[in-house]
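All remarks here apply to the structure that follows.
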Amino acid sequence: MPNSEKTEKILIYIGNIVRRELRLTDNPILHHISELLSKNRAPFTHLLPVYVFPARQIEISGFLSSNTCSDENSNNDITNESIPKASPTAESPYPPARSVVGRFPRCGPHRAKFWAESVWDFKSSLESVGSGLAVRVGRIDDVLESILDYFKSGKGNHSAGVKCEVVGVWITAEEGVAEKTDERNVFRVAGMKGVNVRTWKDEKYLIDDRDLVYMTPKEIPDTFSEFRKTVGPLRDAPRKPLPPPDILPAFPTRVPPQPSPFEAPSTLDGWIHGLLKPLKENPVAMTPPSYPIGATSQHIYHGGEAYALEHLKNLITSGEITNFKDPSYGAICGDHSTKLAAWLALGCLTARQIHEHLTNFERGKTHLGQYAEGYAEGENRGTANIRLELLWRDYFRLCSRKYGCKLFRLEGFKGELDRQWKHADGNEVKQQVQNFIEGKTGNLIIDAVLREMYLTGYTSDKGRNIVAKYFSKQLGIDWRIGAEWFEYCLVDYDVSEFWGNWQYCAGVGNDPSWEVPPIRVGEVQEAYLKQWTGDGFT
Ligand SMILES: Cc1cc2nc3c(=O)[nH]c(=O)nc-3n(C[C@H](O)[C@H](O)[C@H](O)COP(=O)(O)OP(=O)(O)OC[C@H]3O[C@@H](n4cnc5c(N)ncnc54)[C@H](O)[C@@H]3O)c2cc1C
């Protein structure tokens, strides 16, 4: 080798696989890299952010080589270089991404689209600061292995005298049983290839882990009210969000291709098409409700950090944050909630960014919201309620840390073994489940909520509560089947919040389930029921 041979050191940053941090702002890894760069202390010259749509959580058979439109791959995108054209009969090496009990696809069309949009927006953001994003499908460890092999074999060396070397894999640690398995797999693969892995704290929550008082997960209280007491005044508790990077290290000149038998599209439309294809080909509901003429979705939003920030700003300038009602308000619809959950779930936005915007508004620190009710008048009921709701998010995540796989167990955190559940092994229960997923239970409110959720990907907290309790307590069917149907439908599915809330509703969580206040019967609610079922209160 000539002495002049340069080494292009590459830090592989596994941006997100099941990792939910699709943002530039308040992103600890990117912030750290940018700081190293500004101080000329980066031990690497290039950065390779990689996002993997995880085969376990979302159906990826729509990307099998025979399924992908060839024109989506025959372009100049360096991320698709040298993809071998697989045979038209390519088969997925992964089992279908279906739920355990009900066998529904785990991710339905609303979330799939929002997810793809969010990834694509992150890609554009990374490009705007000199980097890029390799978007892949599969299993995190398989994709990582193919990347490490690619560079080790010298395929990444783009010109004579330049050698590429991977110096590390950085990954954010997340709560969740499967998420931890993925992390272990990353360590295993990287270890085999002699590459170091560094894990980072997940900082998209309101309270930073380093500010919690618990030494071990066992100490996390079993009730939200006890947990809340240990946090201190909520308005002072969150840390400041981190600024976005001005510039990042260059994206590698050569990027490992998508491992076969899949092909990675090079457009957002290609990604959406590939994610929706298997869902369209194998519909879950035999006679699904059709979209009622004139019905309006409560969730009309586009995935991605830019859209999240714009929405947050709108909530402030419109004064909606001052008028935010906590869920004890009886509304099943209307502008009583922020609709921020889907962006939070994918990490397009962090809770402490929301907190900072609220604080700036309360203190009149910026002009944002200056004409809105409550501006510069300190904390009000609306802003305090939003903080409290965000703290629930933190709490469920900690419950997930404490209870691990009990999050998904029929007997719940509580270990509730005495309850008799009906299982979907007989025709009667099977029919009840089918009626449920098609929004045809015969109960007006339940059907309205189910249809709204299926057709739009969203329904209010109150709607979710009522329906989850109906399924688990009134029908008495294995609550996980109802939960799995929600998982398919919801745009804002977030593992800890989701299963924690369902345990609550099913009465197997560790905290006594609070009673849902009755729905406020009024013009708005009446219109809601009519909208989704064609009928109203009688
Ligand atoms: C059966 C069931 C399933 C649920 N599944 C999810 C889920 O998968 N993902 C999810 O984020 N929330 C879930 N929730 C909680 C809550 O219903 C949603 O966060 C909320 O409806 C989302 O709408 P929003 O963003 O307008 O919330 P808002 O009412 O505006 O609340 C603001 C934010 O606070 C957080 N929040 C509010 N209520 C809760 C809660 N009960 N638990 C945890 N965080 C909360 C959310 O991040 C939300 O975006 C579930 C609730 C139930 C009863």
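Residues in the sequence shown are numbered from 1 upward in steps of one, following UniProt numbering. Backbone N, C-alpha and C define an ideal beta-carbon position, used for all residues, glycine too.
Closest option to Leu133, judged by alpha-carbon separation, among Val119, Arg19, Asp142 and Ile321: Val119. For Pro105, the beta-bridge partners assigned by DSSP are Arg98. Within the model, the alpha-carbon separation for Leu126 versus Leu47 is close to 11 Å.
If you draw a straight line from the Cα of Thr287 to the Cα of Gly374, it is about 48 Å long. Residue environment analysis places Thr338 among the buried positions, since at least 16 neighbouring C-beta atoms fall within 10 angstroms of its C-beta.
Boundaries cannot be given for Thr350, as no alpha helix (DSSP H) includes it and DSSP labels it neither H nor E. The straight-line gap separating the alpha-carbon atoms of Asp141 and Leu529 is approximately 47 Å.
In the DSSP assignment, Trp271 falls within the alpha helix (DSSP H) that extends over Leu268 to Glu281.
DSSP places Val177 outside any beta strand (DSSP E); the residue lies instead in the alpha helix (DSSP H), whose first and last residues are Val177 to Met192.
Annotated as proximal: Leu206 and Ala351, with beta-carbon spacing under 8 Å. Between the region 101–118 and the region 269–284 there are three or more C-beta pairs closer than 8 Å, enough to call the two in contact. For Arg397, no beta strand (DSSP E) encloses it; the enclosing alpha helix (DSSP H) starts and ends at Arg381 to Tyr403.
Contact between Asp209 and Lys201 is confirmed by a C-beta separation of about 6 Å, below the 8 Å threshold. In the three-state reduction of the DSSP assignment, Lys414 falls in the coil class, being assigned neither a helical nor a strand state. Closer than 7 Å to some heavy atom of ligand 1: that does not describe the Cβ of Phe122. In terms of Cα proximity to Phe498, the closest of Ala468, Leu475, Ala527 and Gln474 is Ala468.
Nearest C-alpha to Gly62 among Gly138, Arg451 and Asp492: Gly138. The alpha-carbon of Asp394 is positioned some 27 Å away from that of Ala97.
Judged by DSSP secondary structure, Cys164 falls within the beta strand (DSSP E) whose first and last residues are Val162 to Thr172. By the Cβ neighbour-count rule, Gly463 is buried, with 16 or more other Cβ atoms within 10 Å of its own. Separation of the CB atoms of Ile466 and Ile437 is rounded to 16 Å, and the pair is thereby denied contact status at 8 Å. About 4 Å separates the Cβ atoms of Phe396 and Ser496, confirming a contact at the 8 Å cut-off. Spanning the alpha carbons of Phe53 and Arg136 requires a straight line of approximately 6 Å. One alpha carbon belongs to Phe262, the other to Ile147, and they sit about 15 Å apart.
In this structure Val186 touches Val197 by the C-beta definition: roughly 6 Å separates them, less than 8 Å. Under the three-state reduction of DSSP output, Glu8 falls in the strand class. Rounded to the nearest whole angstrom, the CA to CA distance from Ala237 to Ile321 is 19 Å.
In this structure, the C-beta of Thr338 approaches ligand 1 to less than 7 Å from one of its heavy atoms.
The three-state reading of DSSP puts Phe262 in strand, counting E and B together. Distance check between Arg401 and each of Ile247, Val195 and Gly500 places Gly500 closest, using alpha-carbon atoms only. Looking at the DSSP output, Lys422 bridges to Ile477.
Annotated three-state conformation of Ala250 is strand, per DSSP.
Take Thr45, set aside five residues on each side of it, and the residues of its chain with a beta-carbon closer than 8 Å to its own are Glu8, Lys9, Ile10, Pro249 and Ala250, in chain order.
The C-beta distance from Val162 to His299 rounds to 48 Å, too long to fall under 8 Å, and the pair is not in contact. Set against 7 Å, the gap from the CB of Tyr403 to the closest heavy atom of ligand 1 is not smaller. By the neighbour-count criterion, in which a residue is buried when 16 or more other Cβ atoms sit within 10 angstroms of its Cβ, Asn510 is buried.
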